[in-house]
């Protein structure tokens, strides 16, 4: 009886796993097929030999290395800024006492509950007034000191920053700034890792705002470059699938190598609350 | 507090204030200001360049009779409600199975289910557009094995495109919910499950009568998250239908697409678009309040 039960449970788990993996598998398969093979019925389910041709066609259609570098630049800059501003903010809320601290923190928590949709139109007008259309600043600057990151860093600091260590450093004559960089920042490494992964994934895949802001092809990030390939008439499907693979694979590989950290990082906010 | 005091406080605590200042400055400039300006703008007619005309509530009144807007509301809410069934129930059941001592490979399954969360929505949509293809798609092939005629998911009269969007939404979010619920379940003491099993409670009863009430705050969190996600649904239908119209008969038109089709991507009705943005926000707030009220929260 227990064996039957076990089998049913595994069957459920495996069939869902199959559904989750199938689209990835099909993407990999189709990136090696000719467009004709992709449009054939029944669908070809095995790898073909058209990878080289697809690659040549893809390179003709989009500047993938360029889009890749753009994505990397935006994402890395954004992640670093978030880690910097959010860690000093969260640290300040955790270890310093200052007038208005409680109210300011309550305000910060409150801002997390306001949907940003309300201001989207004026936000866009501001970006064009600032001359930030086609500029990565529009994607990087507005959210680089965000409420969630500060909240997340403060939680971590409260449990892990030893006040005695700070006091020892102060007696040694360290300035507050140096205390943070020399003494505190190394302690925060695990928090940096999970917040960093979270922000990195979100920005790497960001589409809606990038689609509003980045109009020039030279400026396209990976999702925009992909989308531009789709809207071109007479899409070369094999090349498109190869481009999708190139966009998805790097993050996927890193995820598979360190899935625990990714899942902890991405869902940490939900469970902590 | 007089001026001298303020200065004194600022000097004494300048490090702390300097550390937290970036957030408040950025939030004022890029958060509060656009939000207030958006409310103001929604009472004007403005093409983005010329002069602005104050028209009071006209934008909102026009929205009431805007058939396409209501179509977008219906589409968005329909997609959201149907997609919540698999991501909520499926997520709970999968988490419950993985949390039981009966199966191994918890981490492997978690990793597989979570993969869509690190994948670009644009790439996901490109793959699914192919799987849902009319004459060549894998789904129609599988259905044909059961003797079903090919279905035109993405074309036809446009109503079936919602199925594709729902499938993508569920496929993407089920793993996320599952991982969160699983973390919550691991926080529940094993004694509770065992006691319930000894009392002869079925697994479904345990899920509904014990696990769900205990996970209430976490479920509430995921519900509010996915509600916001649903009202912001844009990338998948936009890429799938190849534009802001939402495909045949606007079958895949969501609220966010309709907003951007008014301004700044399609037209230049900035005032009208602002009014839509405020209505979307209002809907999110109302649903969040209802969820909070009905599911109750022990601590605010």
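Residue numbers (my numbering), protein chains in the order written: chain A, 1 to 273; chain B, 1001 to 1300.
Yeah, the Cβ is synthetic: ideal placement off N, Cα and C, and Gly gets one too.
Inter-stretch contact at 8 Å, needing at least 3 Cβ pairs: the stretch 227-244 of chain A / the stretch 1024-1038 of chain B: No contact exists between the stretch 227-244 of chain A and the stretch 1024-1038 of chain B.
query: If we ignore side chains and look at the alpha-carbon of each, how far apart do residue 13 of chain A and residue 1094 of chain B end up?
result: The straight-line gap from Cα to Cα measures roughly 7 Å.
query: How about residue 1043 of chain B: is its C-beta nearer than 8 Å to some C-beta of chain A?
result: Not one chain A Cβ lies under 8 Å of residue 1043 of chain B.
- request: Please list, in chain order, all residues of the same chain as residue 220 of chain A whose beta carbon is under 7 Å from its beta carbon, the five residues on each side excluded.
  value: Cβ neighbours of residue 220 of chain A beyond the five flanking positions: 67, 70, 214, 228.
message: Quick check: what's the CA-CA separation for residue 1201 of chain B versus residue 1193 of chain B?
response: Looking at the backbone, the Cα of residue 1201 of chain B and that of residue 1193 of chain B are separated by about 9 Å.
task: Using a Cβ cut-off of 8 Å (strictly closer), state whether residue 1073 of chain B contacts chain A.
output: For residue 1073 of chain B, no CB of chain A lies under 8 Å from its own CB, so it is not counted at the interface with that chain.
message: Taking the straight line between their C-alpha atoms, what separation do you get for residue 205 of chain A and residue 1235 of chain B?
response: The alpha-carbon atoms of residue 205 of chain A and residue 1235 of chain B are separated by roughly 11 Å.
query: In the structure shown, what three-state DSSP assignment does residue 1045 of chain B receive?
result: Reduced to three states, the DSSP call for residue 1045 of chain B is strand.
Chain-ordered residues of the stretch 120-140 of chain A with a beta carbon less than 9 Å from chain B: Answer set for the stretch 120-140 of chain A: 120, 121, 122, 123, 124, 125, 126, 128.
- prompt: So, is the C-beta of residue 1114 of chain B closer than 8 Å to a C-beta in chain A?
  reply: Yes, residue 1114 of chain B lies at the interface with chain A (some Cβ there is under 8 Å from its Cβ).
message: Our contact map puts residue 20 of chain A next to residue 1213 of chain B with C-beta atoms below 8 Å; I'd like the distance itself, whole angstroms only.
response: About 29 Å; that fails the 8 Å criterion.
- prompt: Are the CB atoms of residue 247 of chain A and residue 226 of chain A nearer to each other than 8 Å?
  reply: Yes, the Cβ-Cβ distance between residue 247 of chain A and residue 226 of chain A is below 8 Å.
message: Whole angstroms are fine: how far does the CA of residue 1105 of chain B sit from the CA of residue 121 of chain A?
response: Cα-Cα distance, rounded: 47 Å.
task: Report the residue from B:1017, B:1098, B:1026 whose alpha carbon sits nearest the alpha carbon of residue 1207 of chain B.
output: The shortest C-alpha separation from residue 1207 of chain B is found at B:1098.
task: Report buried or exposed for residue 273 of chain A, applying the criterion of at least 16 other Cβ atoms within 10 angstroms of its Cβ.
output: Low per-residue confidence applies at residue 273 of chain A: pLDDT is 46, beneath 50, and the placement is therefore not dependable, though the value from the model is reported in the following sentence. With fewer than 16 Cβ atoms within 10 Å of its Cβ, residue 273 of chain A is classed as exposed.
message: Along the stretch 1011-1035 of chain B, where does the CB come closer than 9 Å to a CB of chain A? Name the residues.
response: Listed by position along the chain: 1012, 1013, 1015, 1016, 1017, 1018, 1019, 1020, 1021, 1022, 1023, 1024, 1025, 1026, 1027, 1029, 1030, 1031, 1032, 1033, 1034, 1035.
query: If we cut at 8 Å on Cβ distances, does residue 62 of chain A have a partner in chain B?
result: No, its Cβ sits nowhere closer than 8 Å to a Cβ of chain B.
- prompt: Touching or not, the stretch 1254-1266 of chain B and the stretch 1276-1287 of chain B, by the rule of three or more beta carbon pairs under 8 Å?
  reply: Segments in contact, yes.
message: Under 8 Å, Cβ to Cβ, is there at least one residue of chain B near residue 208 of chain A?
response: Taking 8 Å as the CB threshold, residue 208 of chain A lines the interface with chain B.
- request: Assign residue 972 of chain B to buried or exposed, taking buried as 16 or more other Cβ atoms, counted over all protein chains shown, within 10 Å of its Cβ.
  value: Because chain B in this structure spans residues 1001 to 1300, residue 972 of chain B falls outside the shown range and cannot be described.
message: Let me confirm a value: residue 113 of chain A is counted as buried when at least 16 other C-beta atoms fall within 10 Å, else exposed. Which label applies?
response: By the neighbour-count rule (16 or more Cβ atoms within 10 Å), residue 113 of chain A is not buried but exposed.
query: Under the three-state reduction of DSSP, which class applies to residue 1053 of chain B: helix, strand or coil?
result: DSSP places residue 1053 of chain B within a strand segment (E or B) once states are collapsed to three.
query: What are the residues of the stretch 255-268 of chain A that lie near chain B, defined by any Cβ-Cβ distance shorter than 8 Å?
result: Against chain B - using a Cβ distance shorter than 8 Å - the residues of the stretch 255-268 of chain A are 255, 256, 259, 260, 262, 263, 266, 267.
query: Along the chain, where does the alpha helix (DSSP H) that runs through residue 91 of chain A open and close?
result: 64-95 is the extent of the alpha helix (DSSP H) around residue 91 of chain A.
Inter-stretch contact (C-beta, 8 Å, three-pair minimum) for the stretch 80-97 of chain A and the stretch 141-149 of chain A: Counting C-beta pairs with one atom in each stretch, the stretch 80-97 of chain A and the stretch 141-149 of chain A have three or more that are closer than 8 Å, which means they touch.
- request: Tell me whether residue 1012 of chain B is buried or exposed, calling it buried when 16 or more other Cβ atoms sit within 10 Å of its Cβ.
  value: With fewer than 16 other beta carbons inside 10 angstroms of its own, residue 1012 of chain B counts as exposed.
message: Helix, strand or coil for residue 1136 of chain B? Go by DSSP, reduced to three states.
response: Correct three-state label for residue 1136 of chain B: coil.
- request: Take the Cβ of residue 1027 of chain B as the centre, count every other Cβ of all protein chains shown within 10 Å, and call the residue buried at 16 or more, exposed below.
  value: With 16 or more other Cβ atoms within 10 Å, it is buried.
query: Which value, in whole angstroms, describes the spacing of the CA atoms of residue 1001 of chain B and residue 93 of chain A?
result: Per-residue confidence for residue 1001 of chain B stands at a pLDDT of 47, beneath the threshold of 50, marking its modelled position as unreliable; no derived number is given.
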